[in-house]
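Read through the structure below, which is laid out as structure tokens, and then see the notes.
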Amino acid sequence: TTRIMNAVGEGIAHHMRVQYARLLKEADLVQVEMIGQEKIKSTLARNARILAESPAVLTQGVASAVTFVLATIYVATLSMMAAILVVALTIVVVLASRLRTQRARDAMALGQGAERQFFDSFDHLLDGLPEARMDRDRTEDLFGNFLTKRAVAARTARLSALDSMIAFGVLV
């Protein structure tokens with residue numbers, strides 16, 4: 162079944178790649194240039210990888226659900242109270258997991274936003290490098306008040322996100 166799921170995932174990814182190419186062929190050149198080749202390629206690669214891996218994850222989820230249902234039925238034949246307790250504890254764990262996952266996502270979004278702010282400031286420095294070289298005070302102001310502070314904010318936010326993921330058990 163793993164081979165079949167991998168083939169299905171790769172088939173979906175292939176279809177998406179071809180569809181992207183078709184859309185790109187008909188896209189407005191100005192918009193494509195505004196988005197940039199790197200962003201288009203990285204988005205395509207990331208989405209293709211996610212789609213290719215999703216059937217295997219889905220299969221594991223279905224197998225786990227079936228196993229859980231059958232185990233709960235077996236426990237119910239032994240003790241209805243134990244089966245109710247198993248279901249209740251499972252619901253509590255699922256709800257706690259969703260809450261922790263949402264917190265981890267929120268922390269990652271904050272980290273990505275802080276990183277975007279840093280790169281926006283970095284882009285300003287790159288765009289205005291000739292002017293910045295002429296005005297040393299302006300360069301120091303940009304570096305000290307924006308770049309450094311935003312780099313620290315990005316680092317802090319990313320570390321907070323990683324701490325949240327470690328607490329959740331995503332990373333060890």
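So the mapping is simple: our numbering equals the position in the sequence shown, first residue as 1, plus 161.
Don't be surprised by glycine CBs; every beta carbon is placed ideally from N, CA and C.
If you're wondering where the values come from, they're calculated on a predicted model, not measured in any experiment.
* How is Ser240 classed by DSSP in three states: helix, strand or coil? -> Here Ser240 sits in coil by DSSP.
* Buried or exposed: where does Ala213 fall if 16 or more other Cβ atoms within 10 Å of its Cβ makes it buried? -> With 16 or more other CB atoms across the displayed protein chains lying within 10 angstroms of its CB, Ala213 is buried.
* Asked: Where do the ends of the alpha helix (DSSP H) carrying Asp302 lie?
  -> Unbroken alpha helix (DSSP H) run through Asp302: Arg297 to Leu303.
* Asked: First and last residue of the alpha helix (DSSP H) that includes Leu190?
  -> It spans Leu190 to Ile196 - the alpha helix (DSSP H) in which Leu190 sits, taken as one unbroken run.
* To do: Check Gly274 in the structure and name its three-state DSSP category.
  => Gly274 falls in the helix class under three-state DSSP.
* Can you give the Cα-Cα distance for Leu287 and Arg316, rounded to whole angstroms? -> Taking the straight line joining both Cα atoms gives about 21 Å.
* Please determine if the stretch 250-269 and the stretch 319-327 are in contact, where contact requires at least 3 C-beta pairs separated by less than 8 Å. => They touch, by the three-pair rule.
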